[in-house]
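Let me begin by presenting the structure, written as structure tokens, before commenting on it.
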Amino acid sequence: MDRMLRGDGVTTMSKSSTVTVRDTPVDLRAMLLGHSLTLQISGGEVVLGKWQRVLMAELDGPRTRTVRL
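Quick note: the sequence shown uses the numbering used here, first residue 22, plus one each step.
Structure representation (structure tokens):
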């Protein structure tokens with residue numbers, strides 16, 4: 022897993038072929054982290070548990086994002 026997410030630019034697809042893919046580590050990280058979130062709202066406030074936090078990770082350079090409420 023560490024080798025796949027390291028981002029050295031080479032990803033082994035099978036024993037017989039090696040393909041250079043620049044975005045593969047970014048895509049794998051995004052897949053593991055997820056790309057959407059549903060939050061509970063009560064009294065106009067986000068309800069989070071004691072140890073819960075909402076984080077945004079930018080993995081592939083700055084891009085325009087849309088937040089839907």
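Backbone N, C-alpha and C define an ideal beta-carbon position, used for all residues, glycine too.
For valine 67, the first and last residue of its enclosing beta strand (DSSP E) | 66-68
Span of the beta strand (DSSP E), counted from its first residue to its last, around glutamine 61 | 61-63
Backbone CA spacing between arginine 74 and leucine 53 [nearest angstrom] | 17 angstroms
Residues of its chain near glutamine 61, where Cβ-Cβ distance is below 7 angstroms and the 5 sequence neighbours each way are ignored | Correct list, in chain order: Val68.
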